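J.:
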Amino acid sequence: MIMAIDIGNTNIVLGAYEGEKLLMSARLATDPARTEHQYAVEMDAILRMNGLSAEHFTVAAISCVVPPLLSVIRKAVAMLLHCRVIAVGPGVKTGLNIRIDNPSILGSDLVCGAVAAIRKYGAPTIVIDLGTATKISAIDKNGSFIGCSIMPGIGVSLNALSSHTAQLPFIDIAQAGNVIGTNSVDSMRSGIIYGTAAMLDGMIERYRGVLGQDTPVVATGGFAEHIIPHCKDRILSDPHLILDGLLMICHKNS
Numbered sequence: 001m002i003m004a005i006d007i008g009n010t011n012i013v014l015g016a017y018e019g020e021k022l023l024m025s026a027r028l029a030t031d032p033a034r035t036e037h038q039y040a041v042e043m044d045a046i047l048r049m050n051g052l053s054a055e056h057f058t059v060a061a062i063s064c065v066v067p068p069l070l071s072v073i074r075k076a077v078a079m080l081l082h083c084r085v086i087a088v089g090p091g092v093k094t095g096l097n098i099r100i101d102n103p104s105i106l107g108s109d110l111v112c113g114a115v116a117a118i119r120k121y122g123a124p125t126i127v128i129d130l131g132t133a134t135k136i137s138a139i140d141k142n143g144s145f146i147g148c149s150i151m152p153g154i155g156v157s158l159n160a161l162s163s164h165t166a167q168l169p170f171i172d173i174a175q176a177g178n179v180i181g182t183n184s185v186d187s188m189r190s191g192i193i194y195g196t197a198a199m200l201d202g203m204i205e206r207y208r209g210v211l212g213q214d215t216p217v218v219a220t221g222g223f224a225e226h227i228i229p230h231c232k233d234r235i236l237s238d239p240h241l242i243l244d245g246l247l248m249i250c251h252k253n254s
């Protein structure tokens with residue numbers, strides 16, 4: 001079995017694969033203050049809850065955008081799974097042609113998302129990741145990663161709005177109401193949900209101007225389910241895209 005671990009700024013997503021089948025996925029809070037022992041205990045509890053045993057894993061593949069946590073999670077995996085660890089980065093085979101100014105600094109989450117998107121949806125393709133940051137990646141017709149756009153994510157935007165204004169509350173995005181809000185909470189939800197959806201529609205139009213008008217779009221990330229239904233463009237939802245990319249990269253390095 002293979003453990004895929006996506007370490008993001010807000011959450012750590014775990015995925016357990018048997019062959020190509022995803023048996024389970026779960027989220028842990030990203031917390032640099034936690035020790036490897038604490039993470040090992042949490043990971044073990046999640047596996048047990050899903051009827052899985054740590055001893056059955058032969059390799060773990062990690063994507064990490066929080067550098068201080070990489071060594072902590074490596075130690076937790078070694079402590080719990082006692083298996084080989086592959087951390088996506090320079091020196092790891094991905095099969096992805098990266099055509100940006102400095103390929104070595106491209107985030108491993110973007111690499112994994114691109115690898116999976118090409119395999120599952122072909123090229124060209126546009127990949128949207130709605131997480132702590134909102135990221136839009138461009139894959140050209142040759143299957144090359146040619147660049148991306150990065151914007152503040154939904155949670156970051158809402159927190160900044162509440163933190164820097166005197167009368168706007170901290171809210172969750174919940175369900176979208178009317179486009180024109182009639183109170184502070186509904187107005188903030190309208191702005192963040194419909195505003196983000198409109199931004200994505202506009203960016204997709206611009207990206208297709210470069211990649212081709214029929215370029216498919218796939219979205220992943222924790223906020224995707226809240227935003228994608230309100231976009232005018234047809235966007236495929238793939239919540240496990242990065243985990244699938246980790247699995248594919250793991251196979252390339254077996």
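Residue numbers are given in our numbering: position 139 of the sequence shown equals residue 139, and the series is strictly consecutive. Ideal Cβ placement from N, Cα and C applies to all residues, glycine included. Small disclaimer: the values here were computed from a predicted structure and weren't measured.
Check whether the stretch 73-83 and the stretch 95-112 touch, using three or more Cβ-Cβ pairs below 8 angstroms as the test.
T.: No, they do not touch.
J.: Rounded to whole angstroms, what's the CA-CA distance from I118 to Y39? Just pull it up for me.
T.: When rounded, the distance between both Cα atoms is 32 angstroms.
J.: Spatial neighbours of P68 within its chain, please: C-beta separation below 8 angstroms, excluding the five flanking residues on both sides.
T.: The residues are P32.
J.: Whose C-alpha, out of A176, A116, F145 and S187, is nearest the C-alpha of K252?
T.: Comparing Cα positions, the closest option is A116.
J.: In whole angstroms, give me the CA-to-CA distance for A133 and P152.
T.: The alpha-carbon atoms of A133 and P152 are separated by roughly 5 angstroms.
J.: Note the first and the last residue of the continuous alpha helix (DSSP H) segment covering A197.
T.: Per DSSP, A197 belongs to the alpha helix (DSSP H) from S184 to L211.
J.: Which value, in whole angstroms, describes the spacing of the CA atoms of D44 and A54?
T.: Taking the straight line from one Cα to the other gives about 7 angstroms.
J.: So, at 6 angstroms on beta carbons, what are the nonlocal neighbours of A4 in its own chain, with the 5 sequence-adjacent residues on each side left out?
T.: G15, A61, L243, L246 and L247, listed in sequence order.
J.: So, with DSSP's three-state summary, where would you put S242?
T.: A quick correction: the sequence has Ile, not Ser, at residue 242. DSSP places I242 in helix when its eight states are reduced to three.
J.: For V88, tell me which candidate among G202, L70 and S63 has the shortest Cα-Cα distance.
T.: Residue S63 is the option with its Cα nearest to V88.
J.: Could you give the distance in angstroms between the alpha-carbon of V185 and the alpha-carbon of V179?
T.: Computed Cα separation, rounded: 12 angstroms.
J.: If we count Cβ pairs, one from each stretch, closer than 8 angstroms, do we get three or more for the stretch 78-87 versus the stretch 204-217?
T.: No contact exists between the stretch 78-87 and the stretch 204-217.
J.: What residues match up with K21 in a beta bridge as DSSP calls it?
T.: Answer is E18, bridged to K21.
J.: Give the range of the alpha helix (DSSP H) segment to which P32 is assigned.
T.: First-last for P32: undefined, no H or E at that position.
J.: Which two residues bound the contiguous alpha helix (DSSP H) that contains L70?
T.: Segment P67 to L80, the alpha helix (DSSP H) holding L70.
J.: If G222 sits next to N11, beta carbons under 8 angstroms apart, how far is it from one beta carbon to the other, in whole angstroms?
T.: Correct: roughly 7 angstroms between the Cβ atoms.
J.: If the criterion is Cβ atoms closer than 7 angstroms, does the pair I139 and V217 meet it?
T.: The answer is no: Cβ separation not under 7 angstroms.
J.: Quick one: Cα of M49 to Cα of K21, how far?
T.: Cα-Cα distance, rounded: 18 angstroms.
J.: Short of 6 angstroms in beta carbon distance, which residues of its chain neighbour M203, apart from the five on each side in sequence? Order them along the chain.
T.: Within the same chain, M203 has close Cβ partners I136.
J.: Starting from S63, follow its DSSP beta bridges and name the residues at the other end.
T.: Per DSSP, D6.
J.: In the DSSP output, what is V85 paired with across the bridge?
T.: Looking at the DSSP assignment, V85 forms a beta bridge with A60.
J.: In three-state terms, what does DSSP make of R99?
T.: Three-state result, R99: coil.
J.: Alpha helix (DSSP H) containing L161: first to last residue?
T.: From DSSP, the alpha helix (DSSP H) with L161 extends over I154 to S163.
J.: Over the uninterrupted alpha helix (DSSP H) stretch that includes I126, give me the two end residues.
T.: Counting along the chain, I126 falls outside any alpha helix (DSSP H), though it belongs to the beta strand (DSSP E) covering T125 to L130.
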